[in-house]
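Heads up, the thing below is written out as structure tokens.
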Amino acid sequence: MSKRTLRKSMGYIKKEYPRTRTIPASWYLSSYKFKFNITHMKPFLDKLKQKKLVGLQCSSCNRIYFPPRQICGKCLVKPDRWIDLRETGRVASFTVTYLKDPETGEVLERPIVCAQLDGADTSYPAQLDPDIEFKDTYIGMPIKVHWAENIKGGLMDIEYYDSIEDSAKDLQPKEE
Amino acid sequence: MEKVGIVGYNQVKLYSDANYGRYEMIFEAVRGALDSAGLKKKDITTVVSATNDYYDGRTISNALTVEPGGGYLADESKVEMDGAHAVLYGLMRILSGNHKLAVVWGGSMASSFPYHTARLYETDPIWERPLAYVNDITSAGFQMRAYMEKFGVSAEDIAKIAVKNRKNAAKNQLALVEAQNPNLTVKDVLESEIYADPVTELMVAQPCDGVAALLLAPEKQALKITDNPVWVIGVGYNQETYYLGERDLSSSKSMELASKMAFNAAGVKNPLSEIDVAELFEAYAHEELILSEAIGFTEKGKGASLSSEIGGDMPINPSGGALGGNPPCATGLIRIIEAVKQLRGEANGYQVKGAEKAIASGQIGLCAQNNILYVLEGGN
Ligand SMILES: [Zn+2]
């Protein structure tokens, strides 16, 4: 969210309104637990623990989902084929997000990207290396997974994506 | 399809922070629609509203709207989508043959809650929310970037749409004052505050306060109520996958399919020559181009070449569109009302000459995931 939107959301300074009154309120009901299946992502999470990436392929339309999807919306079936993916990919689109540093209160400009791994048919919103300047980001920019220090077997293990050279060796398919 | 007539409408003036209570605003919209058709409360047989629990700060957002919305001891129900989707439900109630008059109303007060924060919760809690800060604005950044890159469209071309719509809004008394600007330039738009690069503040349809209402009746009844009904001759509705990463953000597949369905029903073969005016729900300036291309007015990527001002080849959003004010749950309904005004010759100050056939669209979801399109025809 932009700085501007944050500002708008935070302070409603009402002018003198003779016809209405405003009562501050919130409707915090309770915290919420999202319950979700891990049956379809167990192999994906196990592989992450080994710093390996797999996509889930729909055997009906052959599309490869990364991250894995429980249901293929196109075919209305459960994708069931695991496909090894490389650590490299491309920026499918990008924009900039404004995050407040909880400690300093400083608003940071961060590029966020739709990251599409090589071999996958889908992208997902992800962070770039914080040192990358926004103006240097472009669609089609080659990127590579930057693993988190402590691997826990979750999507957060991919801490962010590093930018790599177009000619990087990583981009070439490995010879099996 | 049996003919369903639009026999009355009303929209309240849009405000960024209205000096109104929610329920008074609803009453004004619905009462005004009945008055415009010379009807009374007892004539209402079914009411369909469009509101949203989160936007209204309560569960069952239609609970307190029974009286102001005309639902007292009537067949009443709610659609938690755009007002244009509530019209589809109203249409079905009429086509069931059980009803003589449907009131469809929708709206909310964006001044009461942080709209863009609420939309952070639209993203997938498992895969998307923990990873990146994505809401309607940042996803529009992805969308605009993908569109510009794919077709080589410039930010200037997109800013021109914002200029046109905000200039049009200046002629529309009911538009948001903040959106009305007859002297706006492309430079102003490009230099306004960056919301989510490349989207700037003046390319965003500002969420605001507002309510609108529309009356539907079966053919026979419609002709009894008014000499000047507008007929719904086609409707199409489609939705894309929820995940942004699975979609081609540079075009709109759902609008492509929705318009195909609507034009088939209406017997429209060449939209550019057969349609006289279009009111499209563009949540961002670039969406007007993406949607008009999906509808088939131009080839993909060529939307900016169409002359879409009032008096142009295909006037789009002569009222100012959503950029003229975007009250959540009402915006698509207002597009339909604006198309009806054009067909009845009631668009004071921004009338398209001789408009006989019009289209109007509504949408919901990140990057216009879900689109609904109506084809309307003037009665007499
Ligand atoms: Zn499939």
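Chains A and B supply the protein sequences, listed in that same order.
Just so you know, we're using my numbering here: the first sequence kicks off at 4 and counts up by one.
Just so you know, we're using my numbering here: the second sequence kicks off at 26 and counts up by one.
Backbone N, C-alpha and C fix where the C-beta goes; we use that ideal spot for every residue, glycine too.
Taking a 10 Å sphere around the C-beta of Gly390 of chain B, we find 16 or more other C-beta atoms and assign the residue as buried.
Contact of Thr266 of chain B with chain A is assigned, a C-beta pair being separated by under 7 angstroms. If one requires a minimum length of 3 residues, the beta strand (DSSP E) runs lying completely within the region 69-113 of chain A are 84-88 and 91-103, in chain order. Listed by position along chain A, the residues whose Cβ is nearer than 7 angstroms to that of Gly82 of chain B are Ala28 and Trp30. Annotation: the continuous alpha helix (DSSP H) that includes Asn193 of chain B extends over Ala180 to Ala194. Burial state of Ser86 of chain B is buried, judged by a 10 Å Cβ sphere holding 16 or more other Cβ atoms.
The set of residues with a C-beta under 7 angstroms from any non-hydrogen atom of ligand 1 comprises A:Cys61, A:Ser63, A:Cys64, A:Arg66, A:Cys75, A:Lys77, A:Cys78, A:Val80 and A:Pro82, given in chain order. The C-beta distance from Ala283 of chain B to Leu398 of chain B rounds to 5 angstroms, short enough to fall under 8 angstroms.
If you draw a straight line from the Cα of Glu381 of chain B to the Cα of Ser166 of chain A, it comes to about 55 angstroms. Its chain contains Asp68, Ile69, Thr70 and Ala242 as the residues whose beta carbon lies nearer than 6 angstroms to that of Leu126 of chain B, once the 5 sequence neighbours on both sides are disregarded; these appear in chain order. Contact annotation: the region 129-141 of chain B does not touch the region 280-295 of chain B, with fewer than three C-beta pairs closer than 8 angstroms.
For a Cβ distance threshold of 8 angstroms, nothing in chain A lies close to Tyr114 of chain B: the least Cβ distance comes to about 24 angstroms. If only uninterrupted alpha helix (DSSP H) runs of at least 4 residues are considered, none is enclosed by the region 314-360 of chain B. For the set A:Phe97, A:Cys61 and A:Asn40, the Cα lying nearest the Cα of Phe137 of chain A is the one of A:Phe97.
Taking C-beta separations shorter than 6 angstroms and ignoring five residues to either side along the sequence, the partners of Glu226 of chain B in its chain run Ser217, Glu218 and Tyr220, following chain order. Secondary structure note for Gly166 of chain B: its alpha helix (DSSP H) is the uninterrupted segment Asp161 to Phe176. Residues of the same chain with a CB within less than 8 angstroms of the CB of Ile146 of chain A, apart from the 5 flanking positions on each side, are Thr91, Gly92, Arg93, Val94, Val116, Ala118, Leu131, Tyr164, Asp165, Ser166 and Ile167 in chain order. By the criterion of a C-beta distance shorter than 6 angstroms, Lys325 of chain B is surrounded in its chain by Ser276 and Glu318, once the five residues flanking it on both sides are discounted. Relative to Asp42 of chain B, the option among B:Ile250, B:Gln36 and B:Val202 whose CA is nearest is B:Val202. Looking only at B:Ser74, B:Cys392, B:Thr90 and B:Lys65, the smallest Cα-Cα distance to Met280 of chain B is reached by B:Cys392.
The beta carbon of Arg154 of chain B sits closer than 6 angstroms to the beta carbons of Thr148 from its chain, once the five residues preceding and following it are set aside; these are given in chain order. Around the beta carbon of Val365 of chain B, 16 or more other beta carbons sit within 10 angstroms, so the residue counts as buried. The criterion of a C-beta distance shorter than 7 angstroms is satisfied by Ala123 of chain A and Phe69 of chain A. Spatial neighbours of Tyr309 of chain B in its own chain (CB-CB distance under 8 angstroms, excluding positions within 5 residues in sequence) are listed in chain order as Ala165, Gln168, Met169, Val224, Met228, Val229 and Ala230.
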